[in-house]
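What follows is a single structure, written as C-alpha coordinates, with notes after it.
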Amino acid sequence: MEKIQLLAFLTIQGIGAASGIVFHNNSLFMVSDNSGYLFEQRLDKSPLVKHSLIKDASVNIEKKRKPDFEAITLKENELHVFGSGSTINRNKKVIYNLKTKEVKETDFSSTYQELKSKFKMSDDDLNIEGALYNNETLFLFQRGNGLTAKNGVFKISTDNQYEFFPIILPKIKHVETSFTDAILIENKIYFLAAAEDTISTYEDGEVLGTIMGIMNPETLEVEKHIQLSPTHKLEGLTLFEKQGNQLTFLLCEDNDTEDLNATIYKLVLNVK
(Lines of atoms letter the chains of each structure in order from A and count residues from 1; the text may use other names and numbers.)
(Lines give C-alpha, C1' and ligand atoms only; values in the text may rest on other atoms or scores of the structure.)
Protein backbone atom coordinates (compact mmCIF):
# COMPACT_ATOMS: atom_id res chain seq x y z
CA MET A 1 0.00 0.00 0.00
CA GLU A 2 1.44 3.36 -1.00
CA LYS A 3 2.29 6.23 1.33
CA ILE A 4 -0.91 8.07 2.19
CA GLN A 5 -1.93 11.18 4.08
CA LEU A 6 -4.71 11.67 6.61
CA LEU A 7 -6.33 15.11 6.29
CA ALA A 8 -8.90 16.89 8.47
CA PHE A 9 -12.10 17.16 6.42
CA LEU A 10 -14.83 18.41 8.75
CA THR A 11 -15.38 19.27 12.41
CA ILE A 12 -18.81 18.50 13.83
CA GLN A 13 -19.93 20.10 17.07
CA GLY A 14 -22.27 18.18 19.34
CA ILE A 15 -20.84 14.68 19.08
CA GLY A 16 -17.91 13.15 20.92
CA ALA A 17 -16.22 9.73 21.07
CA ALA A 18 -17.32 8.91 17.51
CA SER A 19 -17.15 5.16 16.97
CA GLY A 20 -18.83 4.47 13.61
CA ILE A 21 -19.67 6.33 10.43
CA VAL A 22 -21.68 5.74 7.23
CA PHE A 23 -21.88 8.10 4.23
CA HIS A 24 -25.19 7.86 2.38
CA ASN A 25 -27.13 10.31 0.17
CA ASN A 26 -24.89 13.28 1.04
CA SER A 27 -25.28 12.66 4.78
CA LEU A 28 -22.85 11.38 7.37
CA PHE A 29 -24.51 9.06 9.88
CA MET A 30 -22.50 8.51 13.05
CA VAL A 31 -22.74 6.69 16.35
CA SER A 32 -20.84 7.45 19.52
CA ASP A 33 -19.87 4.88 22.11
CA ASN A 34 -21.17 7.06 24.96
CA SER A 35 -24.42 8.24 23.36
CA GLY A 36 -27.90 6.89 22.68
CA TYR A 37 -28.32 8.83 19.43
CA LEU A 38 -27.73 8.27 15.76
CA PHE A 39 -26.25 11.55 14.54
CA GLU A 40 -26.89 12.84 11.03
CA GLN A 41 -24.80 15.59 9.46
CA ARG A 42 -25.70 16.63 5.93
CA LEU A 43 -22.78 17.96 3.93
CA ASP A 44 -24.81 20.99 2.80
CA LYS A 45 -24.03 22.56 6.21
CA SER A 46 -27.45 21.83 7.73
CA PRO A 47 -27.54 21.60 11.54
CA LEU A 48 -26.62 18.30 13.19
CA VAL A 49 -29.70 16.07 13.64
CA LYS A 50 -30.05 13.57 16.47
CA HIS A 51 -32.20 10.44 16.07
CA SER A 52 -32.97 8.60 19.32
CA LEU A 53 -31.94 4.95 19.21
CA ILE A 54 -32.91 4.14 22.80
CA LYS A 55 -35.41 5.39 25.35
CA ASP A 56 -34.29 8.52 27.21
CA ALA A 57 -31.31 8.96 24.88
CA SER A 58 -28.67 11.52 25.80
CA VAL A 59 -25.46 12.72 24.20
CA ASN A 60 -23.16 11.69 27.03
CA ILE A 61 -24.12 8.64 29.11
CA GLU A 62 -22.03 7.55 32.07
CA LYS A 63 -19.69 4.66 31.35
CA LYS A 64 -21.43 1.97 33.41
CA ARG A 65 -24.81 2.62 31.74
CA LYS A 66 -23.89 3.44 28.15
CA PRO A 67 -25.10 1.14 25.32
CA ASP A 68 -21.62 1.36 23.75
CA PHE A 69 -22.70 1.57 20.12
CA GLU A 70 -19.45 0.69 18.35
CA ALA A 71 -20.53 -0.67 14.97
CA ILE A 72 -22.79 0.68 12.24
CA THR A 73 -23.38 -0.65 8.75
CA LEU A 74 -25.73 0.03 5.86
CA LYS A 75 -27.98 -2.77 4.60
CA GLU A 76 -30.31 -1.72 1.79
CA ASN A 77 -32.37 1.16 3.28
CA GLU A 78 -31.47 0.41 6.88
CA LEU A 79 -28.68 1.32 9.24
CA HIS A 80 -27.81 -1.54 11.59
CA VAL A 81 -26.19 -0.44 14.85
CA PHE A 82 -24.57 -2.88 17.31
CA GLY A 83 -23.51 -2.58 20.92
CA SER A 84 -20.08 -3.97 21.72
CA GLY A 85 -21.34 -6.77 23.97
CA SER A 86 -18.58 -6.03 26.49
CA THR A 87 -21.04 -5.67 29.43
CA ILE A 88 -24.70 -6.58 30.02
CA ASN A 89 -25.75 -3.01 29.14
CA ARG A 90 -24.11 -3.26 25.73
CA ASN A 91 -26.12 -6.00 24.04
CA LYS A 92 -28.52 -3.98 21.89
CA LYS A 93 -28.93 -4.13 18.14
CA VAL A 94 -30.88 -1.22 16.67
CA ILE A 95 -32.15 -0.85 13.10
CA TYR A 96 -32.90 2.63 11.75
CA ASN A 97 -34.99 2.76 8.58
CA LEU A 98 -33.71 5.60 6.39
CA LYS A 99 -37.02 5.96 4.53
CA THR A 100 -39.56 5.71 7.33
CA LYS A 101 -37.31 6.93 10.20
CA GLU A 102 -38.61 3.97 12.19
CA VAL A 103 -36.36 2.60 14.95
CA LYS A 104 -36.44 -1.08 15.85
CA GLU A 105 -34.53 -2.19 18.94
CA THR A 106 -33.71 -5.85 19.59
CA ASP A 107 -31.95 -7.59 22.44
CA PHE A 108 -28.83 -9.21 21.01
CA SER A 109 -27.85 -10.85 24.31
CA SER A 110 -28.62 -14.40 23.21
CA THR A 111 -26.50 -14.04 20.08
CA TYR A 112 -23.56 -12.61 22.01
CA GLN A 113 -23.93 -15.30 24.68
CA GLU A 114 -23.90 -17.98 21.99
CA LEU A 115 -20.70 -16.52 20.52
CA LYS A 116 -19.00 -16.48 23.92
CA SER A 117 -20.13 -20.00 24.75
CA LYS A 118 -19.35 -21.59 21.39
CA PHE A 119 -15.92 -20.00 21.02
CA LYS A 120 -14.90 -20.07 24.70
CA MET A 121 -14.75 -16.35 25.35
CA SER A 122 -15.26 -14.82 28.76
CA ASP A 123 -17.66 -11.95 29.37
CA ASP A 124 -14.62 -9.66 29.52
CA ASP A 125 -13.26 -10.72 26.14
CA LEU A 126 -16.17 -10.08 23.76
CA ASN A 127 -15.85 -6.63 22.19
CA ILE A 128 -17.58 -6.07 18.83
CA GLU A 129 -16.27 -2.96 17.05
CA GLY A 130 -17.22 -3.42 13.40
CA ALA A 131 -19.99 -4.98 11.32
CA LEU A 132 -20.78 -5.57 7.68
CA TYR A 133 -22.98 -7.78 5.52
CA ASN A 134 -21.50 -9.87 2.72
CA ASN A 135 -24.55 -11.03 0.80
CA GLU A 136 -26.76 -12.12 3.70
CA THR A 137 -23.96 -13.21 6.04
CA LEU A 138 -23.23 -10.89 8.96
CA PHE A 139 -19.55 -10.30 9.73
CA LEU A 140 -18.79 -9.01 13.25
CA PHE A 141 -15.27 -7.79 13.96
CA GLN A 142 -13.98 -8.71 17.39
CA ARG A 143 -11.48 -6.31 18.94
CA GLY A 144 -8.97 -8.44 20.79
CA ASN A 145 -7.90 -5.98 23.46
CA GLY A 146 -8.94 -8.15 26.40
CA LEU A 147 -6.76 -10.50 28.44
CA THR A 148 -6.83 -13.28 25.82
CA ALA A 149 -6.25 -10.85 22.91
CA LYS A 150 -8.64 -12.64 20.55
CA ASN A 151 -8.78 -10.59 17.36
CA GLY A 152 -11.05 -12.17 14.84
CA VAL A 153 -14.16 -12.21 12.69
CA PHE A 154 -17.47 -13.83 13.57
CA LYS A 155 -19.65 -14.94 10.67
CA ILE A 156 -23.37 -15.42 11.29
CA SER A 157 -25.43 -16.91 8.48
CA THR A 158 -29.14 -16.43 7.89
CA ASP A 159 -29.84 -19.84 9.48
CA ASN A 160 -27.89 -18.78 12.61
CA GLN A 161 -24.79 -20.83 11.93
CA TYR A 162 -21.82 -19.32 13.78
CA GLU A 163 -18.16 -19.33 12.79
CA PHE A 164 -15.13 -17.57 14.27
CA PHE A 165 -11.87 -16.88 12.46
CA PRO A 166 -8.93 -15.72 14.61
CA ILE A 167 -6.89 -13.01 12.90
CA ILE A 168 -3.33 -11.99 13.79
CA LEU A 169 -2.86 -8.28 13.17
CA PRO A 170 0.34 -6.22 12.95
CA LYS A 171 1.84 -4.58 16.03
CA ILE A 172 2.54 -0.93 16.74
CA LYS A 173 5.50 -0.86 19.12
CA HIS A 174 4.87 -3.75 21.53
CA VAL A 175 1.07 -3.89 21.16
CA GLU A 176 -0.89 -5.86 18.58
CA THR A 177 -3.47 -3.73 16.84
CA SER A 178 -7.11 -4.72 17.22
CA PHE A 179 -10.13 -4.16 14.97
CA THR A 180 -12.07 -0.90 15.28
CA ASP A 181 -14.12 -0.98 12.05
CA ALA A 182 -14.47 -2.60 8.63
CA ILE A 183 -16.35 -2.07 5.38
CA LEU A 184 -16.84 -4.11 2.22
CA ILE A 185 -16.07 -2.51 -1.13
CA GLU A 186 -16.66 -4.80 -4.09
CA ASN A 187 -14.44 -7.82 -3.41
CA LYS A 188 -12.28 -6.45 -0.58
CA ILE A 189 -12.69 -5.69 3.10
CA TYR A 190 -11.03 -2.47 4.24
CA PHE A 191 -10.50 -2.34 8.01
CA LEU A 192 -9.13 -0.16 10.77
CA ALA A 193 -7.22 -1.51 13.76
CA ALA A 194 -5.84 0.48 16.68
CA ALA A 195 -3.16 -0.23 19.26
CA GLU A 196 -4.08 0.75 22.80
CA ASP A 197 -1.85 -0.13 25.74
CA THR A 198 -4.46 -1.88 27.88
CA ILE A 199 -5.71 -5.41 28.56
CA SER A 200 -9.24 -4.26 29.32
CA THR A 201 -12.29 -4.02 27.07
CA TYR A 202 -13.69 -1.54 29.60
CA GLU A 203 -10.84 0.82 30.59
CA ASP A 204 -8.99 2.98 28.05
CA GLY A 205 -5.22 2.89 27.68
CA GLU A 206 -2.45 4.86 25.98
CA VAL A 207 -3.17 5.14 22.25
CA LEU A 208 -0.22 4.04 20.10
CA GLY A 209 -1.82 4.57 16.68
CA THR A 210 -4.04 3.08 13.99
CA ILE A 211 -3.46 1.00 10.88
CA MET A 212 -5.61 0.44 7.81
CA GLY A 213 -5.62 -2.94 6.12
CA ILE A 214 -7.12 -4.84 3.21
CA MET A 215 -8.56 -8.31 3.71
CA ASN A 216 -9.90 -11.00 1.41
CA PRO A 217 -13.58 -11.56 2.35
CA GLU A 218 -13.46 -15.26 1.42
CA THR A 219 -10.22 -16.32 3.12
CA LEU A 220 -10.03 -13.41 5.63
CA GLU A 221 -6.34 -13.15 4.85
CA VAL A 222 -4.79 -9.73 5.56
CA GLU A 223 -3.24 -8.78 2.23
CA LYS A 224 -1.85 -5.30 2.94
CA HIS A 225 -1.66 -2.76 5.72
CA ILE A 226 -0.24 0.68 6.45
CA GLN A 227 -0.05 2.81 9.58
CA LEU A 228 -2.30 5.86 9.35
CA SER A 229 -1.34 7.62 12.57
CA PRO A 230 0.90 7.17 15.64
CA THR A 231 -1.50 9.06 17.92
CA HIS A 232 -5.11 8.76 16.74
CA LYS A 233 -7.57 5.97 17.67
CA LEU A 234 -9.59 5.87 14.46
CA GLU A 235 -12.80 3.93 14.98
CA GLY A 236 -15.03 4.55 11.97
CA LEU A 237 -14.55 4.11 8.22
CA THR A 238 -16.84 4.78 5.26
CA LEU A 239 -16.45 5.12 1.49
CA PHE A 240 -16.94 8.72 0.37
CA GLU A 241 -16.12 8.52 -3.33
CA LYS A 242 -14.79 6.10 -5.94
CA GLN A 243 -13.20 7.33 -9.16
CA GLY A 244 -11.49 4.68 -11.23
CA ASN A 245 -8.74 3.17 -9.11
CA GLN A 246 -8.96 5.93 -6.48
CA LEU A 247 -10.97 5.45 -3.30
CA THR A 248 -11.71 8.33 -0.94
CA PHE A 249 -12.63 7.40 2.63
CA LEU A 250 -13.97 9.37 5.58
CA LEU A 251 -12.87 8.33 9.06
CA CYS A 252 -13.92 9.28 12.57
CA GLU A 253 -12.02 9.21 15.83
CA ASP A 254 -12.72 8.28 19.44
CA ASN A 255 -10.73 10.88 21.34
CA ASP A 256 -11.46 9.25 24.75
CA THR A 257 -12.61 12.58 26.19
CA GLU A 258 -15.94 14.22 26.98
CA ASP A 259 -15.24 16.94 24.41
CA LEU A 260 -18.29 17.16 22.11
CA ASN A 261 -16.40 17.93 18.92
CA ALA A 262 -15.72 15.29 16.29
CA THR A 263 -13.09 15.65 13.59
CA ILE A 264 -13.82 13.75 10.40
CA TYR A 265 -10.72 12.84 8.40
CA LYS A 266 -10.32 12.22 4.68
CA LEU A 267 -8.07 9.57 3.20
CA VAL A 268 -7.37 8.99 -0.50
CA LEU A 269 -6.10 5.57 -1.57
CA ASN A 270 -5.07 4.33 -5.01
CA VAL A 271 -5.93 0.69 -5.60
CA LYS A 272 -5.41 -1.63 -8.56
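Just so we're aligned, residue 46 is where the sequence shown starts under my numbering, counting upward by one. Glycine residues also receive a C-beta, built at the ideal position from the N, C-alpha and C atoms. Computed from a predicted structure; not experimentally measured.
For this session: Please look up how many angstroms separate the CB atoms of Ile140 and Glu123, rounded, as I've assumed it's under 8 Å.
Result: In the sequence shown, the residue the question calls residue 140 occupies position 95. In the sequence shown, the residue the question calls residue 123 occupies position 78. Contact holds; Cβ gap of about 5 Å.
For this session: Report yes if the C-beta distance between Cys297 and Ala116 is below 8 Å; otherwise report no.
Result: Taking the first residue of the sequence shown as position 1, residue 297 is located at position 252. Taking the first residue of the sequence shown as position 1, residue 116 is located at position 71. No.
For this session: Using only alpha-carbon positions, find the residue among Asn190, Lys311, Leu237 and Ile99 that is nearest to Glu251.
Result: Here residue 251 corresponds to residue number 206 of the sequence shown, with the count starting at 1. The residue among Asn190, Lys311, Leu237 and Ile99 with its C-alpha nearest the C-alpha of Glu251 is Asn190.
Problem set entry | Residue(s) in a DSSP beta bridge with Met166 | If you number the sequence shown from 1, residue 166 lands on position 121. In DSSP, Met166 forms no bridge with anything.
Problem set entry | Gly130 Cβ short of 7 Å to the ligand GDP heavy atom set | The ligand GDP is not part of the structure shown, which contains no ligands of any sort.
For this session: Kindly confirm or deny that the stretch 217-226 and the stretch 141-151 touch, where touching means at least three C-beta pairs closer than 8 Å.
Result: Contact between the stretch 217-226 and the stretch 141-151 is not established, with fewer than three Cβ pairs separated by less than 8 Å.
For this session: Evaluate Pro112 with the Cβ neighbour count: other Cβ atoms within 10 Å of its Cβ, from every protein chain shown; 16 or more gives buried, anything less gives exposed.
Result: On the sequence shown, position 67 is the one that residue 112 refers to. Buried is the call here.
Exercise. Near Ile234, which residues of its chain fall below 6 Å by C-beta distance, leaving aside the five closest residues on each side in sequence?
Worked result: The residue you call residue 234 lines up with position 189 of the sequence shown. These residues qualify, in order along the chain: Ala227, Met260 and Pro262.
Exercise. For Thr182, which residues of its own chain have a beta-carbon under 6 Å away from its beta-carbon, when the five flanking residues on both sides are left out?
Worked result: By one-based count along the sequence shown, residue 182 stands at place 137. Counting only Cβ-Cβ distances below 6 Å, and skipping sequence neighbours, we find Lys200 and Ser202.
Exercise. Mind checking whether Asp299 and Glu280 have CB atoms under 8 Å apart?
Worked result: For the purposes of this step, residue 299 is taken as the residue at position 254 of the sequence shown. For the purposes of this step, residue 280 is taken as the residue at position 235 of the sequence shown. For the pair Asp299 and Glu280, the CB atoms are nearer than the 8 Å cut-off.
For this session: Under 6 Å Cβ to Cβ from Pro211, same chain only, skipping five residues before and after it: list those, please.
Result: Position 166 of the sequence shown, counted from the first residue, corresponds to residue 211. Gly197, listed in sequence order.
Problem set entry | Inter-residue Cα distance where the pair is Glu286 and Lys95 | Counted from its first residue, the sequence shown places residue 286 at position 241. Counted from its first residue, the sequence shown places residue 95 at position 50. C-alpha separation (whole angstroms): 25 Å.
Exercise. Ordered along the chain, which non-local residues of its own chain (more than five positions away) have a Cβ less than 7 Å from that of Arg110?
Worked result: As a first step, residue 110 must be located in the sequence shown, where it is residue number 65. Closer than 7 Å at Cβ, skipping near neighbours: Asn134.
For this session: Assign Ser202 to one of three DSSP states: helix, strand, or coil.
Result: As a working mapping, residue 202 is identified with position 157 in the sequence shown. Here Ser202 sits in coil by DSSP.
Exercise. Going by C-alpha distance, which of Leu295, Asn306 and Gln272 is nearest His69?
Worked result: For the purposes of this step, residue 69 is taken as residue 24 along the sequence shown, with counting starting at 1. Of the candidates Leu295, Asn306 and Gln272, the one whose C-alpha sits nearest the C-alpha of His69 is Leu295.
Exercise. Exposed or buried, which one is Ile213 when buried takes at least 16 other CB atoms within 10 Å?
Worked result: Along the sequence shown, read from residue 1 onward, the residue named residue 213 stands at position 168. If you draw a 10 Å sphere on the C-beta of Ile213, you find fewer than 16 other C-beta atoms in it, and that means exposed.
Problem set entry | Sequence-distant residues of its chain with Cβ nearer than 6 Å to His125 (five each side left out) | Taking the sequence shown and counting its residues from 1, one reaches residue 125 at position 80. These residues qualify, in order along the chain: Thr118 and Ile140.
Exercise. Shortest alpha-carbon distance to Gln86 belongs to which of Asn71, Lys146 and Ser103?
Worked result: In the sequence shown, residue 86 corresponds to position 41, counting from 1. Of the candidates Asn71, Lys146 and Ser103, Asn71 places its Cα closest to the Cα of Gln86.
For this session: Ignore the nearest five residues each way along the sequence and tell me which others in Ala102's own chain have a CB closer than 6 Å to its CB.
Result: Start at 1 with the first residue of the sequence shown, and residue 102 comes out as number 57. Beyond the five residues adjoining it in sequence on each side, Ala102 comes within less than 6 Å, by CB distance, of Gly81 and Tyr82 in the same chain, given in chain order.
For this session: Pull up the distance between the alpha-carbon of Phe164 and that of Gln58, whole angstroms please.
Result: As a working mapping, residue 164 is identified with position 119 in the sequence shown. As a working mapping, residue 58 is identified with position 13 in the sequence shown. Each residue's CA atom was taken as its position, placing Phe164 and Gln58 some 40 Å apart.
For this session: Give every residue of the same chain whose Cβ lies closer than 6 Å to the Cβ of Phe209, excluding the five residues on either side of it in the sequence, and list them in chain order.
Result: Translated into the one-based positions of the sequence shown, residue 209 becomes position 164. Cβ within range, chain order: Phe164, Gly197 and Phe199.
For this session: Taking Lys138 as the reference, give the member of Phe114, Thr255 and Thr145 with the closest Cα.
Result: The residue you call residue 138 lines up with position 93 of the sequence shown. Checking every option, the nearest Cα to that of Lys138 belongs to Phe114.
Problem set entry | Rounded separation between Glu346 and Lys100 - CA only | Look at the range of the chain in this structure, 46 to 317, and you will see that residue 346 is not part of it.
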